[in-house]
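Here's the structure we're looking at; comments come further down.
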Amino acid sequence: MKTIVFDTGETLVRDDRHWASWADWLGVPPHTVSALVGAAVAQGRDRTDALRVLRPGMDVGEALHARAAAGRGEYLDETDLYADVRPVLAELRALGLRIVVAGDGTARAGELLRALDLPADLVVTSEEWGAAKPDREFFARVLEVSGAEPEATLYVGDHPADDLFPAKSSGLRAAHIRRGPYGHWWADHPDVVETADWRISALTELPALLGGAGRRKAFATPSARPAPAAESTPPGGEPDPLPAEAAGLPEETAEEPAPPGQSRA
4 MKTIVFDTGE
14 TLVRDDRHWA
24 SWADWLGVPP
34 HTVSALVGAA
44 VAQGRDRTDA
54 LRVLRPGMDV
64 GEALHARAAA
74 GRGEYLDETD
84 LYADVRPVLA
94 ELRALGLRIV
104 VAGDGTARAG
114 ELLRALDLPA
124 DLVVTSEEWG
134 AAKPDREFFA
144 RVLEVSGAEP
154 EATLYVGDHP
164 ADDLFPAKSS
174 GLRAAHIRRG
184 PYGHWWADHP
194 DVVETADWRI
204 SALTELPALL
214 GGAGRRKAFA
224 TPSARPAPAA
234 ESTPPGGEPD
244 PLPAEAAGLP
254 EETAEEPAPP
264 GQSRA
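Quick note on numbering: the sequence shown equals residues 4 to 268 in this note's numbering.
In structure tokens, the structure reads:
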């Protein structure tokens, strides 16, 4: 492995502030937003559907611009990073690996991330590239900046449909991290188990996988974590515990995440 590329939201950056700021902007309790986001995740929907439940027909992009104009736009600081981010990225660089941070986000998010001076060779967002996940163009750009062959490039992310499946269909290696709502909810789904080259619970597992003898051994075989005893509903399905009507999410907004090896249009 020569290059490690990291997703941002809920892989490196906690989303607590993000959703709390939306709750404040919309004038609802943070728990309300969190619960609706959780319902969207469990149904394999886009998380922004939670905002549209609260404000039907809302254009999230326009709302972001309105927030920025009101002085309540995006913000990130060191406290938004997961505790393992900085030390692990530094350790991976010390192993001679190229480190890239590339995830969905606005140009403003890119500026804020670069201001944190992470131990990375490149930090970029989807808006800066003009291509967002899970589009193939995004992962084509990932390969352009990786400086390595697809099979020598590892993409690390939490979201099966946006990170894992499209990365694999683009020829990259992929690690799924059990972190954040999507990462935890779908971690043991058979499609994730089958598709991921490695499944991790923390970034701190990566240096041992990628360094020295451990690097050769770990990349010879996939993760040995056992598959779940019972199948869960695949991303984008209709899980029994949280039907759309019970969660308050409109059926017409559902997006079905791609099966392994494909990306959504």
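We put the beta carbon where it would ideally sit given N, CA and C, even for glycine.
{"Asked": "If A155 and M4 are in contact, beta carbons under 8 Å, what's the gap, nearest whole angstrom?", "Found": "6 Å"}
{"Asked": "Apply the 10 Å Cβ neighbour rule to A190 and answer buried if 16 or more other Cβ atoms are within range, or exposed otherwise.", "Found": "buried"}
{"Asked": "From L15 to R117, what distance separates their C-alpha atoms?", "Found": "13 Å"}
{"Asked": "What does R101 pair with, by DSSP beta-bridge criteria?", "Found": "T6"}
{"Asked": "How long is the line joining the alpha carbons of V127 and H162, rounded to whole angstroms?", "Found": "18 Å"}
{"Asked": "Nearest-angstrom Cα distance between P169 and L92?", "Found": "23 Å"}
{"Asked": "Pick from Y85, A134 and G174: whose alpha carbon is nearest that of D18?", "Found": "Y85"}
{"Asked": "How about A178 and L157: do their beta carbons lie closer than 8 Å?", "Found": "yes"}
{"Asked": "Would you list the one or two residues that DSSP bridges to H68?", "Found": "For H68, which the question treats as bridged, DSSP gives no partner whatsoever."}
{"Asked": "Counting along the chain, where does the alpha helix (DSSP H) carrying H192 start and finish?", "Found": "Where H192 is concerned, there is no enclosing alpha helix (DSSP H), given that its DSSP letter is neither H nor E."}
{"Asked": "In or out: G174 buried (at least 16 other Cβ within 10 Å) or exposed?", "Found": "exposed"}
{"Asked": "For W28 and F141, I'd like the C-alpha separation in whole angstroms.", "Found": "30 Å"}
{"Asked": "Under a Cβ-count criterion, where at least 16 other Cβ atoms within 10 Å of its own Cβ denotes burial, should H68 be classed as buried or exposed?", "Found": "exposed"}
{"Asked": "Express the C-alpha separation of T51 and R58 in angstroms, rounding to a whole number.", "Found": "11 Å"}
{"Asked": "Who are L201's beta bridge partners in DSSP?", "Found": "Reading off the sequence shown, one finds Trp at residue 201, where the question assumed Leu. Beta-bridge pairing links W201 to A178."}
{"Asked": "Only counting the same chain, and skipping five residues up and downstream in sequence, which positions put a Cβ closer than 6 Å to that of L115?", "Found": "L79"}
{"Asked": "Just the C-alpha distance for E152 and V56, rounded to the nearest angstrom, thanks.", "Found": "42 Å"}
{"Asked": "Once you ignore the five residues that flank R70 on each side, which residues in its own chain have a CB closer than 7 Å to its CB?", "Found": "W28 and G76"}
{"Asked": "If you compare alpha carbons, which of A199, V44, G41 and R20 is closest to E81?", "Found": "R20"}
{"Asked": "Ends of the beta strand (DSSP E) at L15?", "Found": "Premise fails: L15 is in no beta strand (DSSP E) and is neither H nor E."}
{"Asked": "Kindly indicate which residue of P184, K171, W188 and Y185 has the alpha-carbon position closest to the one of W201.", "Found": "K171"}
{"Asked": "Helix, strand or coil, according to DSSP, for G113 in the structure here?", "Found": "helix"}
{"Asked": "Looking at the secondary structure, which residues open and close the alpha helix (DSSP H) in which T128 lies?", "Found": "Counting along the chain, T128 falls outside any alpha helix (DSSP H), though it belongs to the beta strand (DSSP E) covering L125 to T128."}
{"Asked": "Quick check for students: name the residue ranges of the alpha helix (DSSP H) that lie wholly in the segment 131 to 161, counting only runs of 4 or more.", "Found": "139 to 149"}
{"Asked": "Does the Cβ of T207 have 16 or more other Cβ atoms within 10 Å, making it buried, or fewer, making it exposed?", "Found": "exposed"}
{"Asked": "Is it buried or exposed, D165, if we count other Cβ atoms within 10 angstroms and call 16 or more buried?", "Found": "buried"}
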